[in-house]
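**Q** Heads up: the sequence shown is residues 0 to 615, going by numbering that gives the first Met the number 0. For glycine and all other residues, C-beta sits at the position ideal for the given N, C-alpha and C.
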Amino acid sequence: MEEWVGKLWHRWVTRAAGAEYPAAAVELKAMQRPLGIYFRALGGDPGLRLAAATNDAHGARRSWLARVAGSGERQAQARIDLASLRLPARLAVFPERALNRDLYYWLAAQAACLHRLPAALAGADPATRNQAATVAALADFPGLATRYRRLVAAYLPLRLAPAQLPPAEAALESALRQALLEPGSVSAWPQLPADAAPAAPVLLWCEAGAVAAGAPNKTGDGGAAAAGAVQDGGAQAHRAERVDAGPQRDGIMMYFRAESLLSVAEFIRVNRGVDDDPDANAADVAADLDRLSLTEAAPGERVASRVRFDLDLPSAAEDDIVLGPGLRLPEWDYRKGRLLDDHVCLQELASRHAVPTPLPPRLRRTARRLHQQFAALQPGRRWLKGQPDGSEADLDAVVRACTDRACGRHPGEQLYLSLERRERDLACLVLADLSLSTDAWVSSEARVIDVIRDALLLFGEALAATGDAFALCGFSSVRRQQVRFHRLKDFGDPFDDRIRGRVQAIRPGYYTRLGAAIRRASQLLDAQAASRRILLILSDGKPNDLDLYDSRYGIEDTRAAVLEARRLGLLPFCLTIDREGAGYLPHLFGPQGYAVLRKPEELPLHLPLFYAQLTR
Numbered sequence: 000m001e002e003w004v005g006k007l008w009h010r011w012v013t014r015a016a017g018a019e020y021p022a023a024a025v026e027l028k029a030m031q032r033p034l035g036i037y038f039r040a041l042g043g044d045p046g047l048r049l050a051a052a053t054n055d056a057h058g059a060r061r062s063w064l065a066r067v068a069g070s071g072e073r074q075a076q077a078r079i080d081l082a083s084l085r086l087p088a089r090l091a092v093f094p095e096r097a098l099n100r101d102l103y104y105w106l107a108a109q110a111a112c113l114h115r116l117p118a119a120l121a122g123a124d125p126a127t128r129n130q131a132a133t134v135a136a137l138a139d140f141p142g143l144a145t146r147y148r149r150l151v152a153a154y155l156p157l158r159l160a161p162a163q164l165p166p167a168e169a170a171l172e173s174a175l176r177q178a179l180l181e182p183g184s185v186s187a188w189p190q191l192p193a194d195a196a197p198a199a200p201v202l203l204w205c206e207a208g209a210v211a212a213g214a215p216n217k218t219g220d221g222g223a224a225a226a227g228a229v230q231d232g233g234a235q236a237h238r239a240e241r242v243d244a245g246p247q248r249d250g251i252m253m254y255f256r257a258e259s260l261l262s263v264a265e266f267i268r269v270n271r272g273v274d275d276d277p278d279a280n281a282a283d284v285a286a287d288l289d290r291l292s293l294t295e296a297a298p299g300e301r302v303a304s305r306v307r308f309d310l311d312l313p314s315a316a317e318d319d320i321v322l323g324p325g326l327r328l329p330e331w332d333y334r335k336g337r338l339l340d341d342h343v344c345l346q347e348l349a350s351r352h353a354v355p356t357p358l359p360p361r362l363r364r365t366a367r368r369l370h371q372q373f374a375a376l377q378p379g380r381r382w383l384k385g386q387p388d389g390s391e392a393d394l395d396a397v398v399r400a401c402t403d404r405a406c407g408r409h410p411g412e413q414l415y416l417s418l419e420r421r422e423r424d425l426a427c428l429v430l431a432d433l434s435l436s437t438d439a440w441v442s443s444e445a446r447v448i449d450v451i452r453d454a455l456l457l458f459g460e461a462l463a464a465t466g467d468a469f470a471l472c473g474f475s476s477v478r479r480q481q482v483r484f485h486r487l488k489d490f491g492d493p494f495d496d497r498i499r500g501r502v503q504a505i506r507p508g509y510y511t512r513l514g515a516a517i518r519r520a521s522q523l524l525d526a527q528a529a530s531r532r533i534l535l536i537l538s539d540g541k542p543n544d545l546d547l548y549d550s551r552y553g554i555e556d557t558r559a560a561v562l563e564a565r566r567l568g569l570l571p572f573c574l575t576i577d578r579e580g581a582g583y584l585p586h587l588f589g590p591q592g593y594a595v596l597r598k599p600e601e602l603p604l605h606l607p608l609f610y611a612q613l614t615r
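Structure (structure tokens):
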């Protein structure tokens, strides 16, 4: 009987409080760009990217009361982790579209204040932190007060009233309502009994689990546990939950097509290892391959030559030529707030299989046109009049001197013409991303690596017409022990068929440890005596590697390398084909330090033109 009554009440509450308003829905995709600008303009952490939030992995274990009261399973809650500000992908909480849009802006404003809270609140429970962030937002930006009051007035009727809840849960709900109406007025949260349902999440707050501040737990410290859960939100965001099956459970049989395993694995987010030491089993694996080669391979053929994994480095016989013993470079650890000396090993390489090759016929017409356009940028000679010394007499100055002498005046002595040859005092280094992602196709005819190859060839043809000093380099990486830096053209090399052969020999590499590559490129460019030195970076995605570099760590290290280059007097500029680059490139290069190409196949034409604009 009791179970039957509970089911009826469940259905009634679901109808009363679980409604959504699809006609008034607002999508994060349409709001992402203005919200990102708004968040940073209000002082939000510029290193956080804006992304869509999803329902937490443990939502199935929440009680039915928490699911139907206010937000439910359908509405994810905003939260902040170490790398991103995550807002709901879709808001349909209110019947008015304007209110749903205002909720997005309020969450961005509160998140901007949340990360600036005093250190004394770092260990406070999430509800107290959100109250403090609300108080700070309303104090720093008084214009938001009207929007906030309007949101609270529309939101409170959507939650279950305290009169509809058991006494313990009603006390917590009343405290939450008081915190929303008068932020900062609630300092102590009612404790819930062990069998009580937690309150529904507060959609006007930014931390997941914030409303569970008063919920009990096994340790008996509800507030501390809830705060810890929020602070660890970044680590828990993509961590799988392990559930041990009981002894009565049989083994799980999965029905799948075996060839689909790799494609599914590509979409699984896993925690990257932070241990940079080599695998202890690597030597054993190599020995096993050697033994297999004796039994299964053809005479003189090794198994390793027939089987290649994506993460394998090429053998010494097939790899590029190593230039020197390798360079030790620092790396910025934003978590420790300091530069880690000699943390990265960069190895300079030259192509082993490059042969002198002329410009491909399909590029010759475009190269001639660029050559003519850039030849006009090369300054010619000009005559300087009235010089004290020169190769020819200045007739105008001689006539004036004779006239002055006839009039009894002292004649001038600057009577010659001098031919001056002016030169462009410029140096440019192009740093191309040669990571594994450049093997992707941008059209039915070309891959990203093909587009980069054509861009470097046309860039070289254009700058050969101006006479500017330039260098061409490429890079990829396999963790911090192996940053591969390809020297395609040095500043002193002429752009001839030998260099064209090196460019046409480039191929997709591994990963993108961009900070180390920028530091080495800055060293090479800083050695040039030109008054204006430009570092052009060609990229197709975010910095990443096999270790923790595939996170905010890589973003912050790259930003530190860019700032170091600017302190050397260099001008870094990034040209990318990543359509999502606007979410992180302003933090790396500044609002004027990058450009995003919507059509990657146009990179060969745009690269010389961007250089021309930067050198005006």
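What residue range does the beta strand (DSSP E) around H342 cover?
**A** It spans 337-349 - the beta strand (DSSP E) in which H342 sits, taken as one unbroken run.
**Q** Quick check on V424: buried or exposed, where buried means 16 or more other Cβ atoms within 10 Å of its Cβ?
**A** Note on identity: in this sequence residue 424 is Asp, with Val being the wrong assignment. The residue is exposed, with fewer than 16 neighbouring Cβ atoms inside 10 Å.
**Q** With DSSP run on the structure shown, which of helix, strand or coil describes L202?
**A** Note: L202 maps to coil in three-state DSSP.
**Q** So for F609, helix, strand or coil by DSSP?
**A** F609 falls in the helix class under three-state DSSP.
**Q** What is the C-beta distance between L414 and A400, in whole angstroms, given that I count them as a contact (C-beta under 8 Å)?
**A** Confirmed, Cβ separation roughly 6 Å.
**Q** For L150 versus L84, is the C-beta distance shorter than 8 Å?
**A** Contact flag unset, no.
**Q** Runs of 3 residues minimum, wholly inside the stretch 500-581: which ones carry the beta strand (DSSP E) assignment?
**A** Segments of the beta strand (DSSP E) lying fully in the stretch 500-581: 531-538, 569-575.
**Q** How would you call E347, buried or exposed, if buried means at least 16 neighbouring beta carbons within 10 angstroms?
**A** Per the 10 Å Cβ criterion, buried.
**Q** Buried or exposed: which applies to C573, given that a residue is buried once 16 or more other Cβ atoms fall within 10 Å of its Cβ?
**A** Buried is the call here.
**Q** Identify the continuous alpha helix (DSSP H) that holds V447 and give its terminal residues.
**A** Per DSSP, V447 belongs to the alpha helix (DSSP H) from 447-465.
**Q** I need the straight-line Cα distance from H352 to G508, nearest angstrom please.
**A** Rounded to the nearest angstrom, the two C-alpha atoms are 15 Å apart.
**Q** Would you report the Cα separation of Q177 and D549, rounded to the nearest angstrom?
**A** Roughly 42 Å separates the two Cα atoms.
**Q** Taking D577 and P357 to be in contact with their CB atoms under 8 Å, please state how far apart those CB atoms are, rounded to whole angstroms.
**A** That belief does not hold up - the Cβ atoms of D577 and P357 are roughly 32 Å apart, past 8 Å.
**Q** Does DSSP put R483 in a helix, a strand or coil?
**A** Note: R483 maps to strand in three-state DSSP.
**Q** Are three or more beta carbon pairs between the stretch 427-434 and the stretch 514-532 nearer than 8 Å?
**A** Touching, per the Cβ criterion.
**Q** For L370, which residues of its own chain have a beta-carbon under 8 Å away from its beta-carbon, when the five flanking residues on both sides are left out?
**A** For the sequence presented, residue 370 should be read as His rather than Leu. Cβ neighbours of H370 beyond the five flanking positions: E460, A461, A463, A464.
**Q** Determine, using beta carbons only, whether P189 and A170 come nearer to each other than 8 Å.
**A** Result yes, Cβ atoms of P189 and A170 sit closer than 8 Å.
**Q** State the start and end residues of the unbroken alpha helix (DSSP H) segment that holds S173.
**A** 166-180 is the span of the alpha helix (DSSP H), which, as asked, contains S173.
**Q** Hey, would you say L34 sits closer than 8 Å to Y103, going by beta carbons?
**A** For L34 and Y103, yes; Cβs fall inside 8 Å.
**Q** Go to P329, then tell me how far its beta strand (DSSP E) extends in each direction, as first and last residue.
**A** 320-332 is the span of the beta strand (DSSP E), which, as asked, contains P329.
**Q** By Cβ distance below 6 Å, which residues in the same chain neighbour L570 in space, the five residues on each side in sequence not counted?
**A** Same-chain partners within the cutoff: I533.
**Q** Take A470 and list the residues in its own chain whose beta-carbon comes closer than 6 Å to its own, dropping the five residues that flank it on each side.
**A** These residues qualify, in order along the chain: L428, K488, D489, F490.
**Q** Given that a residue counts as buried once 16 or more other Cβ atoms are within 10 Å of its Cβ, and exposed if not, what is C205?
**A** Classification for C205: buried.
**Q** DSSP three-state label for D403, please.
**A** Helix at D403.
**Q** Roughly how many angstroms lie between the CA atoms of R565 and T614, to the nearest whole one?
**A** Their backbone Cα atoms lie some 16 Å apart in a straight line.
**Q** Put P192 into one of helix, strand or coil per three-state DSSP.
**A** DSSP places P192 in coil when its eight states are reduced to three.
**Q** I believe P542 touches R512 by the beta-carbon criterion, under 8 Å. Please report the beta-carbon distance rounded to the nearest angstrom.
**A** Yes, they are in contact, since the Cβ atoms of P542 and R512 sit about 7 Å apart, within 8 Å.
**Q** With 16 other CB atoms within 10 Å as the buried threshold, where does I320 fall?
**A** I320 should be labelled exposed.
**Q** Is the beta carbon of L27 less than 8 Å from the beta carbon of A118?
**A** No, Cβ-Cβ distance for L27 and A118 is not below 8 Å.
**Q** Based on the DSSP secondary-structure assignment, which residues constitute the bridge partners of S417?
**A** Per DSSP, L383.
**Q** Buried or exposed: where does T145 fall if 16 or more other Cβ atoms within 10 Å of its Cβ makes it buried?
**A** When all chains shown are included, T145 counts as exposed.
**Q** Helix, strand or coil, according to DSSP, for Y104 in the structure here?
**A** In this structure, Y104 counts as helix in the three-state DSSP scheme.
**Q** From the DSSP output, in three-state form, read off F38 for me.
**A** It is helical.
**Q** Can you look up E601 in the DSSP assignment and give me helix, strand or coil?
**A** Three-state DSSP puts E601 in a helix.
**Q** So the alpha helix (DSSP H) D139 belongs to, where does it begin and stop?
**A** Here the alpha helix (DSSP H) through D139 covers 125-139.
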